[in-house]
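*Asks:* Below: one structure in structure tokens.
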Amino acid sequence: MSVLGHDHVRVDGRDKVTGVARYAVEKRPDDALHAWAVRATVPRGRVVSVDAESALAVPGVVEVLTWRNAPRLQDAGDDELQVLQDDRVAYRGQVVALVVAETLEVARETAATLDVRYETEPHDVGLTIDHPGLYAPEQANAGADTDSARGDVEEGLASSAHVVEAVYETPALFNNPMEPHATVAWWEDGALRMVDSTQGTTPTAQTMATLFGLDEPQVRVTAEHVGGGFGSKGEPKANPVLAALAAKAVGRPVALAWTRQMMFGLAGYRTPTISRVRLGADADGRLEAISHEAFSQTSRLKEFTEQTAEYVRHMYGSRTALTTHRVTQLDVHTPSWMRAPGECPGAYAIESALDELAHAAGVDPVELRRRNEPEVDPETGAPYSSRQLMECHDRAAELFGWAGRDPRPGVRRDGHWLVGTGVASSSYPAMAAPSGARVTARPDGTFRVGVNATDIGTGARTVMLQVAAEELKVEPERVHVHIADSDLPHGAVAGGSSGSASWGWAVAKACRALRSRMATERVPDDGLEVVVDTSEDLQGRAQLARFAYGAQMVEARVDVRTGEVVVPRSVGVFAAGRILNPRTARSQLLGGMTMGLSMALHEEGLLDERFGGWANHDLATYHVAANADVGDVTIEWLPEDDGELGPLKAKGIGEIGIVGAAAAVANAVWHATGVRVRSLPIQPDKLLDRLPG
């Protein structure tokens with residue numbers, strides 16, 4: 005029977021829409037206390053004093069934790085997690101105290117009035133392309149090389165018939181999942197128990213064990229339902245540490261959740277990026293040189309370097325190439341993963357520059373990409389496991405009506421609207437990580453699957469059920485899935501678009517092994533169980549370049565009177581291996597494309613350099629795309645049978661939808677107006693004075 009590849013309603017859908025599903029702080033024990041964070045009001049310095057005595061006199065306040073009385077932590081290699089361990093303030097909004105009380109209201113009000121005195125120091129929070137503190141890190145995020153070079157890029161540029169040189173910028177962007185970061189923690193006989201809003205219970209449990217000097221089996225973390233993450237919950241932040249510290253100090257369970265405003269200063273974010281791009285091509289538009297120099301920021305507590313230049317290394321062929329990453333430490337909180345880190349801002353820069361090159365060379369933008377298709381991965385020389393990038397473009401062009409497009413900018417007008425169309429490619433690595441799974445056959449003919457997947461709203465729980473049902477060759481109703489529990493076999497984090505490929509590989513392997521045993525063994529009263537791990541399977545894979553691909557086309561309209569930009573229609577066509585559940589897949593791709601549209605036109609963290617903090621730290625002032633901003637969206641995927649991806653033949657789809665979206669919008673705005681905006685977001689003030697009457 006075939007279950008994979010077909011629509012399947014989310015198994016947790018009814019629970020979520022009826023409110024039966026419970027999220028982190030909703031699963032607190034009856035005797036749980038509430039904690040509220042007190043955050044630094046200065047961008048750099050030290051805490052001189054905290055008036056804990058007055059706070060403790062408030063009825064209902066149980067404890068006030070500061071660096072003076074908080075339990076001590078071990079080193080876990082991340083200074084952002086060393087909360088309340090000293091008096092230093094590394095950035096505005098850093099947690100400097102924690103109020104624990106019988107009710108949420110008392111904790112919040114007491115925290116708001118707690119008297120904290122500081123000794124301030126000069127601060128620096130502004131990223132520039134010539135910042136004196138820029139340096140070359142040992143590596144960028146996800147193990148990407150800091151620099152790479154192929155041939156002499158200066159010679160390649162000098163010999164090119166067409167050269168484009170430009171600087172592209174993206175602002176700070178903030179993860180805003182529906183459920184903020186939240187944790188409930190308690191201690192039982194020296195062991196730590198947590199319910200956490202996390203993208204991976206295994207890494208959270210491992211980190212907590214290190215911080216508190218415990219053996220891994222002494223920490224159990226569960227995350228049955230998680231209301232989104234977008235990368236921000238991919239590794240532990242301060243909230244689980246603070247909850248565990250407080251619970252240890254007071255001897256009772258403690259619940260802690262960030263407010264929406266706190267999310268802008270404590271949950272990670274996408275660093276601002278500056279990309280200096282130089283492209284050189286021959287008379288026919290074939291690339292002779294690619295240079296992408298990427299600049300970003302990190303905190304003084306922890307180094308995180310967005311791998312912005314990684315995208316182009318694997319995407320287009322050229323005779324010479326140079327890519328570099330430089331980062332500077334500032335008095336800001338640490339940036340982290342945000343949907344398609346590196347590839348997202350990198351693609352915006354490169355796909356915008358390619359559009360400029362196509363215009364300079366007089367070549368259609370789709371045709372320009374076709375002329376620069378590599379035969380093997382330009383960076384590694386490895387063959388591609390599969391690459392249908394141009395097939396995506398061809399199908400997108402057919403759906404969009406790209407043929408016959410007038411390449412001239414600013415020539416199509418509909419009343420007071422200028423109309424243009426734009427295109428961009430998308431690519432994202434098709435990754436898989438070692439994972440384990442446990443499958444048990446029961447005498448009543450049902451099966452229990454234990455896999456440490458985390459469902460952050462993507463439908464992972466449903467897809468794992470489909471994988472098991474297909475491999476066991478039984479009806480889905482006979483399969484029960486248990487996920488997101490660190491007591492289960494090790495599970496990969498829900499990140500890098502690798503979840504289904506990683507967890508599904510383990511589930512498929514376990515189910516196949518169980519079926520083999522059931523062919524010769526009777527199921528005993530206590531069940532027949534198989535536990536597997538995929539580490540050796542992954543080590544044995546061939547060295548190939550594995551990527552998902554996509555093409556996105558957008559129509560943009562710009563009002564010459566106001567500078568308003570609207571996107572009435574867009575098309576995305578993707579090649580992402582076997583699509584396991586079309587219903588949830590479309591949702592992921594639609595979400596990514598919408599997030600890219602939001603990045604192009606709306607989202608921007610505004611930094612107040614005088615006070616060292618984000619001026620727009622709520623959803624009233626940090627604007628994201630709403631329903632009215634999203635026009636008609638057409639999404640398709642190509643059939644792709646890639647046997648080099650593992651047993652499911654699946655590539656990730658969670659992030660590729662965002663990768664090329666912002667560039668496609670920016671290119672369409674240029675085509676509509678003739679105005680090239682190279683600093684996102686594209687808002688009326690950047691257009692109005694440059695538009696025709």
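Position 106, counted from 1, in the sequence shown is what the working numbering calls 110; the numbers after and before it change by one each time, with no gaps.
Just so it is clear, CB atoms sit at the ideal spot from N, CA and C, and this is done for glycine as well.
Bear in mind the structure is a predicted one, so any value in this text is a computation, not a measurement.
1) Between Thr214 and Ala80, is the Cβ-Cβ spacing less than 7 angstroms?
2) Would you list the residues sitting across from Thr124 in a DSSP beta bridge?
3) Do Val258 and Ala698 come within 7 angstroms of each other at the CB atom, strictly closer than that value?
4) Leaving out five residues on either side along the sequence, give the residues of the same chain with a beta carbon under 7 angstroms from the beta carbon of Ser53.
5) Where does Asp689 land, buried or exposed, given buried means 16+ other C-beta within 10 angstroms?
6) Measure the C-alpha to C-alpha separation of His10 and Val467 and round it to an integer number of angstroms.
7) Nearest CA to the CA of Val331: which residue from His318, Asn376, Ser279, Ala351?
8) Could you check which residue in Gly661, Glu644, Val663, Ile662 has the C-alpha nearest to that of Ala654?
9) Are the beta-carbon atoms of Val167 and Gly289 separated by less than 7 angstroms?
10) Pick out whichever of Ser322, Asp335, Gly385 has its Cα sitting closest to the Cα of Leu358.
11) Measuring only the C-alpha atoms, how far is His185 from Met267?
12) With a CB to CB cut of under 6 angstroms and the five nearest residues on each side skipped, what residues in its chain are close to Glu1?
13) Quick check: what's the CA-CA separation for Gly647 versus Gln543?
14) Indicate whether the contact test is met: 3 or more Cβ pairs, each with one atom in the segment 236-253 and one in the segment 112-126, closer than 8 angstroms.
15) Exposed or buried, which one is Thr124 when buried takes at least 16 other CB atoms within 10 Å?
16) Spatial neighbours of Glu233 within its chain, please: C-beta separation below 6 angstroms, excluding the five flanking residues on both sides.
17) Could you work out which residue in Pro207, Ser602, Phe551 is closest to Ala665 when comparing CA atoms only?
18) State yes or no: is the C-beta of Leu548 within less than 7 angstroms of the C-beta of Ala386?
19) What number of angstroms, rounded off, separates the C-alpha of Arg197 from the C-alpha of Gly217?
20) With a cut-off of 8 angstroms, do at least 3 Cβ pairs link the segment 344-352 to the segment 305-325?
21) Please classify Leu532: does DSSP put it in a helix, a strand, or coil?
22) Quick check on His397: does DSSP put it in helix, strand or coil?
23) Please say whether Gly609 and Pro175 have beta carbons closer to each other than 7 angstroms?
24) Taking DSSP as the reference, what is the three-state secondary structure of Asp134?
25) With Trp191 as the anchor, note down where its beta strand (DSSP E) starts and where it stops.
26) For a minimum of 3 consecutive residues, which ranges assigned as the beta strand (DSSP E) are wholly contained in the segment 560-596?
27) Name the one or two DSSP bridge partners that Pro378 has.
28) Starting from the Cα of Val558, find the closest Cα among Tyr388, Val423, Ser236 and give me that residue.
29) Checking 7 angstroms against the spacing of the C-beta atoms, do Ile583 and Trp509 come in under that value?
30) What span of residues does the alpha helix (DSSP H) with Tyr432 cover, start to end?
31) Using DSSP's beta-bridge definition, name the partner residues of Trp674.
32) Is Gly576 buried or exposed, if buried means 16 or more other CB atoms sit within 10 Å of its CB?
33) Taking Val355 as part of the alpha helix (DSSP H), name the residues at either end of that continuous run.
34) Taking Cβ to Cβ, would you say Ala560 is nearer than 7 angstroms to Val673?
35) Give me, in chain order, the residues of the same chain whose beta-carbon lies closer than 6 angstroms to that of Ala472; leave out the 5 immediate sequence neighbours on both sides.
36) Let's see if you can read the secondary structure: which residues bound the alpha helix (DSSP H) around Trp40?
*Replies:* Answer, in terms of the structure:
1) Translated into the one-based positions of the sequence shown, residue 214 becomes position 210. Translated into the one-based positions of the sequence shown, residue 80 becomes position 76. A contact, by the Cβ cut-off of 7 angstroms.
2) Numbered from 1 along the sequence shown, position 120 holds the residue referred to as residue 124. According to DSSP, Thr124 bridges with Gly49.
3) This structure gives no information on residue 698, because the portion of the chain shown stretches from 5 to 697.
4) By one-based count along the sequence shown, residue 53 stands at place 49. The answer, listed in chain order, is Arg121.
5) Numbered from its first residue, the sequence shown carries residue 689 at position 685. Per the 10 Å Cβ criterion, exposed.
6) Translated into positions along the sequence shown, residue 10 becomes position 6. Translated into positions along the sequence shown, residue 467 becomes position 463. Cα to Cα, the separation comes out at about 10 angstroms.
7) Here residue 331 corresponds to residue number 327 of the sequence shown, with the count starting at 1. For the residues His318, Asn376, Ser279, Ala351, the minimum Cα distance to Val331 belongs to Ser279.
8) Walking along the sequence shown from the start, residue 654 turns up at place 650. Nearest C-alpha to Ala654: Glu644.
9) Taking the sequence shown and counting its residues from 1, the one referred to as residue 167 is at position 163. Taking the sequence shown and counting its residues from 1, the one referred to as residue 289 is at position 285. Not in contact: Val167 and Gly289 (Cβ atoms no closer than 7 angstroms).
10) Counting from 1 along the sequence shown, the entry for residue 358 is found at position 354. Nearest C-alpha to Leu358: Ser322.
11) For the purposes of this step, residue 185 is taken as residue 181 along the sequence shown, with counting starting at 1. For the purposes of this step, residue 267 is taken as residue 263 along the sequence shown, with counting starting at 1. His185 and Met267: Cα-Cα distance of roughly 7 angstroms.
12) Residue 1 is absent from the model: the chain starts at 5 and stops at 697.
13) Along the sequence shown, read from residue 1 onward, the residue named residue 647 stands at position 643. Along the sequence shown, read from residue 1 onward, the residue named residue 543 stands at position 539. Answer to the nearest angstrom: the Cα atoms are 16 angstroms apart.
14) no
15) Locating residue 124 in the sequence shown gives position 120, counting from the first residue. The residue in question, Thr124, is exposed, as its Cβ has fewer than 16 Cβ neighbours within 10 Å.
16) Sequence index remark: in the sequence shown, residue 233 carries index 229 (1-based). Glu is not the amino acid found at residue 233; the sequence shown has Gly there. Pro181, Gln203, Ile460.
17) Stepping through the sequence shown from its first residue, residue 665 is reached at position 661. Looking at the Cα atoms, Ser602 is the closest of the given residues.
18) Within the sequence shown, numbered from 1, the residue matching residue 548 stands at position 544. Within the sequence shown, numbered from 1, the residue matching residue 386 stands at position 382. In this structure, Leu548 places its C-beta atom within 7 angstroms of the C-beta atom of Ala386.
19) One-based indexing of the sequence shown puts residue 197 at position 193. One-based indexing of the sequence shown puts residue 217 at position 213. Cα to Cα, the separation comes out at about 14 angstroms.
20) yes
21) As a working note, residue 532 is residue 528 in the sequence shown. The answer is strand: DSSP assigns Leu532 an E or B state.
22) Residue 397 sits at position 393 when you count from the first residue of the sequence shown. Note: His397 maps to helix in three-state DSSP.
23) Stepping through the sequence shown from its first residue, residue 175 is reached at position 171. Stepping through the sequence shown from its first residue, residue 609 is reached at position 605. Yes, the pair counts as a contact, with Cβ atoms nearer than the cut-off.
24) Taking the sequence shown and counting its residues from 1, one reaches residue 134 at position 130. It is coil, neither helix nor strand.
25) Numbered from its first residue, the sequence shown carries residue 191 at position 187. Its beta strand (DSSP E) spans residues 186-192.
26) 569-579
27) Position 374 of the sequence shown, counted from the start, is the residue given in the question as residue 378. Answer is none; Pro378 lacks a bridge partner.
28) The residue labelled residue 558 in the question sits at position 554 within the sequence shown. When only C-alpha atoms are compared, the closest one is Val423.
29) Reading the sequence shown from its first residue, position 579 is the one you call residue 583. Reading the sequence shown from its first residue, position 505 is the one you call residue 509. No, these two residues do not count as a Cβ contact at 7 angstroms.
30) Here residue 432 refers to the residue found at position 428 when the sequence shown is read from its first residue. From DSSP, Tyr432 is part of no alpha helix (DSSP H) but of the beta strand (DSSP E) over 421-433.
31) Translated into positions along the sequence shown, residue 674 becomes position 670. Answer is none; Trp674 lacks a bridge partner.
32) In the sequence shown, counting from the first residue as 1, residue 576 sits at position 572. Gly576 should be labelled buried.
33) Taking the sequence shown and counting its residues from 1, the one referred to as residue 355 is at position 351. The sequence as given places Glu at residue 355; Val does not occur at that position. For Glu355, the enclosing alpha helix (DSSP H) stretches over residues 347-365.
34) Counting from one through the sequence shown, the residue named residue 560 turns up at place 556. Counting from one through the sequence shown, the residue named residue 673 turns up at place 669. In this structure, Val673 lies closer than 7 angstroms to Ala560 by Cβ.
35) Position 468 of the sequence shown, counting from 1, holds the residue named residue 472. Hits under 6 angstroms: Val453, Val483, Val511, Cys515.
36) For the purposes of this step, residue 40 is identified with residue 36 of the sequence shown, where counting begins at 1. Element bounds for Trp40: not the alpha helix (DSSP H) but the beta strand (DSSP E), 37-43.
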